[in-house]
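For the sequence shown, my numbering assigns the number 799 to the initial residue and increments by one for each residue that follows.
For glycine and all other residues, C-beta sits at the position ideal for the given N, C-alpha and C.
To start, the structure itself, in structure tokens.
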Amino acid sequence: MNKTVCRMAGLCLAIPMLAAAVPAFADTAPAGKWQIKLLATAVLPDGKISSVKSIDPSLAGMAAFSAPQTYANNNVTPTLAIEYFATPDISIETIAGVTAHHLTGSGSLNGASVVSHILIVPATVTVKYHLPLGAIRPYVGVGPSLFIVMGERPGASVAGLGVSKVTLSSNLGVAAQAGVDIPIGKTGYGLSLDAKKYWVGTTANFYAGSADVLVTKHKLDPWVLSAGVSYRF
């Protein structure tokens, strides 16, 4: 199992045990309208190339893309969540953060460095329902997400084929989430666990000079697992 997944799973198991050891939980969650969360977030892409739209035959080396596949590396990054409670049980949440990845080939591109650097801002807003089960509040949510992609550069393998530039589109998708908030006493502070599944894609354009020599469509579809501290006021 990937080391990042193991670490996050261990953290997810440790936080409920830590919460159980805290001597004084509030009988009910704090009544404040706002909540902020500072989280450690593991971004675990679960994507692939969904189609090759076009290949310029002028670059013979691009024939390797006739049956390609790629995968993106996992990453851990800090994130900030801001949440507004419209009612005691319904809230609206947005997250802020940036995650960095690179694309490596598999299949006919096994081991190839395809894109060496990608920065993604997953601009996400979800509507959440908090189950009224007492102080410890599980929740579920769903909402739109715009994956803003920037900073992408061609990997060494495709640069060796004559590619000088690569762009990935910023696309709209959807996110579903589930998690739990655990208040500590009546201080407003708490612990938070959150899991999101995204469904979102991107289109990659590879250029040799000004010529668009390759267009591929990708599924990104990451799991995003977070754990951290919260403050409600």
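### Query
Start and end of the beta strand (DSSP E) containing Val913?
In the DSSP assignment, Val913 falls within the unbroken beta strand (DSSP E) covering 911 to 928.
### Query
What runs of the beta strand (DSSP E), each 3 residues or longer, lie entirely inside the stretch 960 to 996?
963 to 966, 969 to 981, all fully within the stretch 960 to 996.
### Query
How about His899 and Pro843: do their beta carbons lie closer than 8 Å?
Contact flag set, yes.
### First through last residue of the beta strand (DSSP E) which encompasses Ala838
Start and end: 832 to 842.
### Query
Pick from Val925, Val1013, Lys994: whose alpha carbon is nearest that of Trp1021?
When each option's Cα is compared against that of Trp1021, the closest is Lys994.
### Message
Out of Thr877, Asp1019, Lys1015, which one is the CA nearest neighbour of Ser849?
### Response
When C-alpha distances from Ser849 are compared across Thr877, Asp1019, Lys1015, the shortest belongs to Lys1015.
### Message
So, at 8 Å on beta carbons, what are the nonlocal neighbours of Gly1007 in its own chain, with the 5 sequence-adjacent residues on each side left out?
### Response
So the qualifying residues of the chain are Ser962.
### Query
Ordered along the chain, which non-local residues of its own chain (more than five positions away) have a Cβ less than 7 Å from that of Asn873?
Non-local C-beta neighbours of Asn873 in its own chain, meaning closer than 7 Å and more than five positions away in sequence, comprise Val841, Thr897, Ala898, His899, ordered along the chain.
### Message
Please state the DSSP three-state secondary structure of Ser955.
### Response
Secondary structure at Ser955: helix, using DSSP grouped into helix, strand and coil.
### Query
Which whole-angstrom value is the C-beta distance of Ser914 and Gly953, which I expect to be below 8 Å?
Their Cβ separation, rounded to whole angstroms, is 4 Å, which keeps Ser914 and Gly953 in contact under 8 Å.
### Task
Assess, as a yes-or-no matter, whether the stretch 975 to 987 is touched by the stretch 945 to 952 under the definition of 3 or more beta carbon pairs within less than 8 Å.
The way I'd put it, the stretch 945 to 952 doesn't touch the stretch 975 to 987; fewer than three beta-carbon pairs between them come closer than 8 Å.
### Task
Please confirm whether any heavy atom of the ligand ADP lies closer than 7 Å to the CB of Thr1014.
Among the ligands in the structure shown, none appear at all, so the ligand ADP cannot be discussed.
### Query
Arg935 to Lys835, Cα distance in whole Å?
Between Arg935 and Lys835, the C-alpha separation is close to 15 Å.
### Sequence-distant residues of the same chain with beta carbon closer than 8 Å to Pro930, five excluded per side
Only Pro886, Asp887 meet the Cβ criterion.
### Task
Per DSSP, which residues does Leu1043 bridge with? Please list them.
Outside the displayed span of the chain (799 to 1031) sits residue 1043, for which this structure offers no information.
### Task
Mind checking who Ile880 pairs with in its DSSP beta bridge?
BP columns for Ile880 point to Ile834, Thr892.
### Message
If you reduce the DSSP assignment to three classes, tell me which class Thr875 lands in.
### Response
Reduced to three states, the DSSP call for Thr875 is strand.
### Message
With a threshold of 6 Å on Cβ separation, who are the neighbours of Gly1034 within its own chain once the five nearest residues in sequence on each side are excluded?
### Response
Past the boundaries of the shown model lies residue 1034; the chain is included only from 799 to 1031, so the question cannot be answered.
### Query
For Trp902, does the three-state DSSP call read helix, strand or coil?
The sequence given here has Thr at residue 902, not Trp. The answer is strand: DSSP assigns Thr902 an E or B state.
### Cβ neighbour criterion (16 or more within 10 Å) applied to Val912
The residue is buried, with at least 16 neighbouring Cβ atoms inside 10 Å.
### Query
Rounded to whole angstroms, how far is the Cβ of Gly971 from the Cβ of Val938, which I believe are closer than 8 Å?
The pair is not a contact, with the Cβ atoms about 18 Å apart (cut-off 8 Å).
### Task
Give the straight-line distance between the Cα atoms of Ser955 and Val978, rounded to the nearest whole angstrom.
So the alpha carbons of these two residues sit roughly 43 Å apart.
### Query
Applying the criterion that 16 or more other CB atoms from any shown protein chain within 10 Å of the CB defines a buried residue, is Pro920 buried or exposed?
A buried status is given to Pro920, since no fewer than 16 other beta-carbon atoms sit within 10 Å of its beta-carbon.
### Task
Identify every residue that forms a DSSP beta bridge with Ala1025.
Its beta-bridge partners are Ala838, Leu991.
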